[in-house]
Amino acid sequence: MTRTQRPQGEITRGTTAPNRLRRIDRWIAATQRQALRAVPGPLAVDLGYGASPITTVELYERLRAVSPDLDVTGIEIDPDRVARGVAHLAAHPRPGLTFRRGGFELPVDRPPVLIRALNVLRQYDEPAAWRAWDGLRARLHPAGVLVEGTCDEIGRRATWTTLGPEGPRTLTLAAHLPTLERPSDLAERLPKTLIHRNVPGERIHAFLTAFDHAWATTSPYSAFGPRSHWIAAVRLLATTHPVHTHPPHGAHPRWRLGEITVPWPTVAPR
Ligand SMILES: C[S@@+](CC[C@H](N)C(=O)[O-])C[C@H]1O[C@@H](n2cnc3c(N)ncnc32)[C@H](O)[C@@H]1O
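Number 64 in the numbering used here belongs to position 52 of the sequence shown; there are no gaps in the numbering.
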């Protein structure tokens, strides 16, 4: 970006909170290591970090544990929020962590192996969200991944998609199980590209309906706790719903955390 170019995008609400993105970060650290270590000197971008730089700092701490030479750049379109990030770093310097003003054009010096954009696109309209997906994945390193999604205020309910340079790959739903009544409660946290598609005739609607059905059928497992109930429902779903042609990823170690990840064709808009 030159000095005269405006960053691409709009300043939107800056709501954020410590640990809000913990589920997403842990999932990235556990499942995306290959991308995070794809090149020497890998770069991760946190796009739209909000009113405080805290979730970018947390991303840096969590991902450096699995990719020790990872650089992390927090990008914000609001200059006041960038100033807050820079001031935070001056007080608490961390090698390889930077904050910078910018937008969807991503003002960085090399293609990122990871772009995390959480709670950013929800404030755009659906066509703009699709355009942002296309623009961001075109800026990835060939081995890189875009993680785009939404969560509630304290991160108890979250959904996110992954995209490679070639297009969307997966959708993940994750919940704090003791406070979840049924899987479709997560519908209100769907990414912008899916939230308006949760209507009869669309795959995401069929998927959530089948998940609720599996949840109801396996309700006796709740006697062993919400985690057992979730695992039983995911197992049943994998054998009953059309999802069986695209079985959930991750298996037991991820499911026990209240997650399910399905391939994009399971939920892709028609
Ligand atoms: C709701 S906050 C999300 C903060 C943090 N990612 C989180 O999930 O807690 C969204 C932020 O994204 C920023 N934003 C929106 N569009 C952007 C764009 N195109 N480029 C950079 N930042 C953007 C907004 O200014 C706002 O601060």
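We put the CB at the ideal spot given by N, CA and C, even for glycine.
Any non-hydrogen atom of ligand 1 within 7 Å of residue i CB
i      : result
Val132 : yes
Tyr61  : yes
Gly108 : no
Leu185 : no
Glu22  : yes
Glu200 : no
Phe116 : yes
Thr28  : yes
Ile87  : yes
Arg32  : yes
Arg93  : yes
Pro19  : yes
Asp164 : no
Arg25  : yes
From the options, residue whose alpha carbon lies closest to that of residue i
i      : options                           : result
Leu126 : Pro232, Pro259, Arg45 and Thr229  : Arg45
Val94  : Ala102, Leu101, Ala103 and Arg113 : Arg113
Arg49  : Gly147, Arg25 and Pro154          : Pro154
Leu198 : Val69, Gly270, His253 and Tyr61   : Gly270
Leu185 : Leu220, Val57 and Pro212          : Leu220
Ala29  : Tyr61, Trp142, Ala41 and Trp39    : Tyr61
Thr251 : Val279, Arg268, Ala222 and Gly237 : Ala222
Val283 : Glu165, Ala129 and Trp142         : This structure gives no information on residue 283, because the portion of the chain shown stretches from 13 to 282.
Ile23  : Leu55, Ala47 and Gly115           : Gly115
Trp227 : Pro180, Arg18 and Leu249          : Leu249
Val78  : Ile89, Ile40, Glu88 and Val69     : Ile40
Gly167 : Arg181, Gly53, Thr230 and Leu189  : Leu189
His241 : Thr191, Ala141, Ile216 and Pro54  : Thr191
Ala47  : Gly21, Arg18, Leu152 and Arg35    : Leu152
Pro119 : Glu214, His208, Glu88 and Ala144  : Glu88
Counterpart residues of residue i in DSSP-defined beta bridges
i      : result
His285 : With the chain represented from 13 up to 282, any question about residue 285 goes unanswered, as that position is not in the structure.
Asp58  : Gly86 and Arg128
Gly161 : Leu130 and Trp172
Arg112 : Ile87
Cβ of residue i within 8 Å of any chain D Cβ
i      : result
Ile243 : The chain inventory of the structure shown lacks chain D, comprising one protein chain alone.
Three or more C-beta pairs below 8 Å linking the segment 60-67 and the segment 190-203: no
Are there three or more Cβ pairs, one per stretch, closer than 8 Å when the segment 82-93 is compared with the segment 105-112? yes
Meets three-Cβ-pair contact criterion under 8 Å: the segment 173-187 and the segment 132-140: no
Complete runs of the beta strand (DSSP E) confined to the segment 17-64 [at least 3 residues]: 55-59
Ranges of the alpha helix (DSSP H) found wholly within the segment 168-251, counting only runs of at least 4: 204-207 and 215-229
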